[in-house]
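>
Number of protein chains: 2
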Amino acid sequence: MIKLNRTTEYGLIALRHMSRKSGGAVTSAREIADTYGLPFEITAKTLQRLKDTGLIQSVQGARGGYALKKSLDEVTLADFLREMEGPQAVVACASIESGPGVSGHACDCEYDSKCQIGPAMKNLNNKVLQFLSGIRLSEFAAEAVPLVQLTSFEPKAANSQNSVGHL
Amino acid sequence: MIKLNRTTEYGLIALRHMSRKSGGAVTSAREIADTYGLPFEITAKTLQRLKDTGLIQSVQGARGGYALKKSLDEVTLADFLREMEGPQAVVACASIESGPGVSGHACDCEYDSKCQIGPAMKNLNNKVLQFLSGIRLSEFAAEAVPLVQLTSFEPKAANSQNSVGHL
DNA sequence: AAAATATACGATACTTAAGGTCGTAGATAG
DNA sequence: CTATCTACGACCTTAAGTATCGTATATTTT
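As you go down the protein sequences, you meet chains U and S in turn.
If you count the first sequence from 1, you need to add 17 to reach the working numbering.
If you count the second sequence from 1, you need to add 17 to reach the working numbering.
#1: Please state the DSSP three-state secondary structure of S:I152.
#2: Is S:L64 helix, strand or coil by DSSP?
#3: Enumerated in chain order, which unbroken segments of the alpha helix (DSSP H) with a length of 4 residues or greater are wholly contained in the stretch 37-106 of chain S?
#4: Which class does S:I134 belong to by DSSP, given the choice of helix, strand or coil?
#5: Using a Cβ-Cβ distance under 9 Å, would S:Q77 count as near chain U?
#6: Roughly how many whole angstroms lie between the Cα atoms of S:C124 and U:D51?
#7: Can you find the residues in the same chain that come closer than 8 Å, C-beta to C-beta, to U:A42, ignoring five residues on each side of it along the sequence?
#8: Between S:T24 and S:T70, is the Cβ-Cβ spacing less than 9 Å?
#9: When the Cα atoms are used, what is the spatial distance from U:G40 to S:K20?
#10: Taking U:A137 as the query, report the chain S residues whose CB atoms sit under 9 Å from its CB, ordered along the chain.
#11: With DSSP collapsed to three states, give me the class of U:A159.
#12: So, do the stretch 75-84 of chain U and the stretch 134-144 of chain U have three or more beta carbon pairs nearer to each other than 8 Å?
#13: With distances taken between CB atoms, is the gap from S:I30 to S:Y53 smaller than 9 Å?
#14: Output, in sequence order along the chain, the residues in the stretch 80-98 of chain S whose CB is closer than 9 Å to any CB in chain U.
#15: Rounded to the nearest angstrom, how far is the Cβ of S:L94 from that of S:L146, given a contact under 8 Å?
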């Protein structure tokens, strides 16, 4: 139900990478794609999107690339997702404010509601946004320290109660 | 990024409907579909799924139908989503624990991480699950009281800072 | 027996995401 | 000046997911 798309995921990887470079050093799309084994085209697309959002800036030409423009501490996950995945980022009642391409059923939850879960959905929406606003992108740029290792090294067992394919 | 699919949405509508019926009264799929203008086939499928999860029980035959089995207060949104949308419900790094049908990129975030955002993703995953565990389905069954009306009745303006297509 | 309902399985169309291709423009290195 | 590297932007193809529809069977009430 919660799913970051590739662009968002690659964006986080790229931001983390750039945040670890000193000063005004730029990073090319190629460098990021090669470093993390990502498809170049999508990486390039992602970086352009990041630039459009104002998170990073670009330098054209040979030896050009991208560099952070804002601190990752200034940007919340809520903001980031809205920019990267569009305003319909958070979801539930497929009918509320149906935008372009959104095929809702007959219910207009706003004022002429039949299904009646509209208000609860809006409420949930606000909670989710609040939750996401409490998370800053800098969390993803932190050192990838190996978490405290479990006593026994069993590749899968520790996760069984929480077997989650995606985050 | 957060998106409830139709089955989940219809499920919430159905659960709410049933929670408002007295005692052991049953509700047919037809009744729910007609009441809320939902496609019958999907509604029926949804109810069967709800039954499989143990949330509701069924009565076969003419005048049969479904009735709640658990209180909606006992079920959290995290549980509900896992049941309705599968264990890969919560999502982020498209590569972690890639299940069947999940096409991840080259990065195995668990131990041989290149992208390095794995740990942060897992951390986020836990936060999201915790968040969703704090929400009970009974919230969706509450009376659909019209929320406090804004002073001026402008169909769209009030939502502009938060224009969200989905919840 | 007939009607209403759940139950189960399958098929199809639509939508979206993911990835790729191509061409253009700008800047540096030589 | 020219070749090369890079960003930039439009378009296309394919794969996956999802909603929707269809059909048949079992079970109970009337």
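A virtual CB, placed ideally from N, CA and C, is assigned to each residue, including glycine.
Here the structure is a predicted model, which is why all the values come from computation and not from measurement.
Short version:
#1: coil
#2: helix
#3: 46-53, 57-69, 94-102
#4: coil
#5: no
#6: In this prediction, S:C124 scores a pLDDT of 42, lower than 50, which makes its location untrustworthy; the coordinate-derived value is nonetheless stated afterwards. Whole-angstrom Cα-Cα distance: 12 Å.
#7: A84
#8: no
#9: 38 Å
#10: L29, R33, E156, F157, A158, A159, A161
#11: coil
#12: no
#13: yes
#14: L94, L98
#15: At roughly 10 Å, the Cβ-Cβ gap does not stay under 8 Å, so S:L94 and S:L146 are not in contact.
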